[in-house]
Structure formats: structure tokens, C-alpha cells
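Residue numbers (numbering that gives the first Met the number 0): 0 to 246.
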Amino acid sequence: MPTQEVMSVLSALTSDPANEVWVVSGRARRELGTWFESLPDLGLAAEHGFYTRHPGAADWHVQQPHLDVAWQSMSLPILKQYQESTDGSWIEVKESSLVWHYRDADPDFGNWQAKELMDHLEDVLSNMPVEVSSGNTIVEIKPQGVSKGAVVESILERTAAAASASAASEASAAAAPEDGGSGGISGGGAGSAAAAAVAAAERAAAQRRVVRFAEAAAPEFVMCIGDDRSDEEMFVAIEEHGAARQK
């Protein structure tokens, strides 16, 4: 559960309309929805991005609405076997995944059991559309293609697309000739021609600035924080996105 300090920081960040702030977590959506109920402008990604709720939205989006969960009936008995043989461990059943927790078990024995469980699950589920991963005192089974990195990619791509669309609109407006009405420029004098040329040059420069901003600085700044092994996927996604935009 987030501390009051964390909530205060998130509240300050989301209060600025220039920011788009997300919490990307492996936790269930009901937990995230309850914890951050007071921050409607905070984007939420639950269960490693299987469920997402965009800033300001009320409904959750499901990444794989027709998920095949046949693998759960194969996995659960195995997890129960390791739970029974490892004091202090327990099983969490999420909407899209299964998690074996061992943070309250003996550290050495828990780590050894986790490695054994990983090997066991990977062997049994080798032909199933799932991924078996380890984290901070957990072993998790989740659908293929679901990751924190994929969430970050989606957020960055959507943000860039929105910035490009906005820039294109501004560029179009900047390039459009102003309606001078009855008080507009008339006649064909040298002064009028020079003024028209200056105005056209200014509109073209404004258009180039807007387009350059959309292409090179959307999003303008990204900060990503995490301390779990699964968070590494987010850092990789940000690096790859930045590298792609510089080409």
C-alpha cells in the first residue's frame, strides 16, 4: 500500500496538466483502484499491464479480452505442492495470472524452492501461451506478451501520436493565410508585397518549429522509477523508444 508521502508526490505531479503520470504494477486492478481512488488523473496499469486505466478514465481496458486460461488448471496443483512443502509461502490468484509468494519463508530454502518451481513450470507449460518469471520473492505465471515494458511502449507511442496530431493541427493553422476582411492588404505596391513575404516566412518558420517539436520531443521528458526485476523491461522500452526517435 502506498505511503502518504508517495500519495502526496503523485498528487502534486498529476495536478500539473502538462504531466501524464502512470503507476505500472503487478498488483491486481481492484487493489490499485482502491489505493489510488483519490487520484482520478493518475494512469494505472495492473497485473503488468493486462489491465490499464488511462488518466481521467473510469473504465479499465483489457489487453487480451479472450484470454485462454486453460493453463491455470495445470499450474495451480503444482503451486499448491510447493506451498505445502514451503512454510511461509502462499498463492495469489489474479484475474490473468498466478503467483507463488515466498517472502515469509526461510530465505535460502525459499530461493532453492523457487528455482525448482521455475524449472517444473517451464517444463509442464512449455507448449502453453504463458511466461514463467521470477521477481522479488515470487514466481509468477502470466500470459505471453504481457509486460511492464509493453505498457510503457504503448504509453509512449500514444503520447507521441497525440503530440504529432496536435503539432500537425497547429502547423496547419500557422500556415493558413489570415483573413484580412475589409481591412486587409490591397493593391500591388512593393510595401504590401514585402509585408506578405514576411508574414509567409513567419508562418513557415512557426510550422517548422511545431513539426520539429513533435518529431524530436514527444514526450518531452520521461522519468521511470522501479526496484523490481520486472521493472527492467520498462527501462529497456524507454531506451529503445528514445533511440528510435533519434534515427
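By construction, the Cβ of each residue, glycine as well, lies at the ideal position given by its N, Cα and C atoms.
Asked	Found
Close-in-space but distant-in-sequence residues of the same chain around Asp86 (CB under 8 angstroms, 5 per side omitted)	Ala104, Asp105
Val150 versus Leu116 - alpha carbon distance	27 angstroms
Neighbourhood of Asn135 by C-beta distance below 6 angstroms, restricted to the same chain and skipping five residues each side	Asp227
Simplified DSSP assignment, three categories, for Val209	Below a pLDDT of 50, predicted positions are generally treated as unreliable, and Val209, at 46, falls in that range; the measurement from the model is reported next regardless. Here Val209 sits in helix by DSSP.
Close-in-space but distant-in-sequence residues of the same chain around Ser74 (CB under 7 angstroms, 5 per side omitted)	Leu97, Leu120, Leu124, Ile140
Any alpha helix (DSSP H) of 4 or more consecutive residues that is wholly inside the stretch 19-54	28-34
Under 8 angstroms between C-beta atoms of Lys142 and Gln71	According to the sequence displayed, residue 142 carries Pro and not Lys. It is not a contact, given that the beta carbons lie outside the stated cut-off.
With 16 other Cβ atoms within 10 Å as the buried cut-off, status of Asp230	buried
With 16 other Cβ atoms within 10 Å as the buried cut-off, status of Ser88	buried
Contact check, Val23 vs Gly48, beta carbons under 8 angstroms	yes
Bridge partners - Ile77, DSSP secondary structure assignment	Beta-bridge pairing links Ile77 to no other residue.
Nearest candidate by alpha-carbon position, reference Met127, set Gly109, Leu66, Trp99, Gln112	Leu66
Thr158 versus Pro218: straight-line alpha-carbon distance, rounded	6 angstroms
Host beta strand (DSSP E) of Ser219 (start-end)	According to the sequence shown, residue 219 is Glu rather than Ser. Segment: none, Glu219 is in no beta strand (DSSP E) and carries neither H nor E.
DSSP state of Ser146 mapped onto helix, strand, coil	coil
Bridge partners - Leu97, DSSP secondary structure assignment	Val92, Ile140
Gly87: first and last residue of the uninterrupted alpha helix (DSSP H) it sits in	Per DSSP, Gly87 belongs to no alpha helix (DSSP H) and is neither H nor E.
Enclosing beta strand (DSSP E) for Gly109 [first to last residue]	Where Gly109 is concerned, there is no enclosing beta strand (DSSP E), although the alpha helix (DSSP H) it sits in stretches over 106-123.
Paired residues, beta bridge with Val131 - DSSP	Ile140
Which of helix, strand or coil DSSP assigns to Val5	helix
Close Cβ partners of Ala17 (< 8 angstroms) along its chain, the five nearest in sequence each way excluded	none
Close-in-space but distant-in-sequence residues of the same chain around Ala45 (CB under 7 angstroms, 5 per side omitted)	Ser24, Arg26, Ala27, Arg28, Leu31
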